[in-house]
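Below: the structure, in structure tokens.
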Amino acid sequence: TVTPDMGFVPILKAFIAVVIGGLGNLWGAVLGGFVLAFLEVTLDVVLPIEFRPYTEAFALIAVVVILYFRPQGLIAAQTAERV
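In our numbering, the protein residues as written are 61 to 143.
Shown next, in the form of structure tokens:
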């Protein structure tokens, strides 16, 4: 069946990966996807079983920390300054 929220989670994760990597940079988006997947899988393996339902929440907290220190993303888009 078709529902209004179909594909919401994959699209949300793709958007988060692009933001982590840096908007306007293809390689940044790829790197952001790898970072997000690595965080989720690592947390799923490392966390005790009672905290595994919160894996995505912990990964998103890590994303907030990454963006706090690198607001333009991991690989910021090159901007040329015109004089």
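Glycine is no exception: its CB is placed at the ideal position from the N, C-alpha and C atoms.
If you reduce the DSSP assignment to three classes, tell me which class residue i lands in.
i    : result
I109 : helix
D42  : The chain is shown from 61 up to 143; residue 42 falls before or after that span and cannot be answered.
V62  : coil
L134 : coil
V180 : Nothing can be reported for residue 180: it is not among the residues displayed for the chain, which extend from 61 to 143.
L99  : helix
Can you tell me the Cα-Cα spacing of residue i and residue j, whole angstroms?
i    : j    : result
Y44  : V69  : Absent from the structure is residue 44, since the part of the chain shown begins at 61 and ends at 143.
A136 : V123 : 16 Å
T63  : V79  : 27 Å
P108 : I121 : 18 Å
F75  : A89  : 9 Å
T61  : I71  : 19 Å
L99  : E141 : 35 Å
A117 : Q138 : 31 Å
Should residue i and residue j be called a contact, given that it needs their Cβ atoms to be closer than 8 Å?
i    : j   : result
G133 : G67 : no
So residue i and residue j are in contact, right, with Cβ under 8 Å, and what is the actual spacing, rounded?
i    : j    : result
L103 : T115 : 5 Å
G93  : A119 : That belief does not hold up - the Cβ atoms of G93 and A119 are roughly 12 Å apart, past 8 Å.
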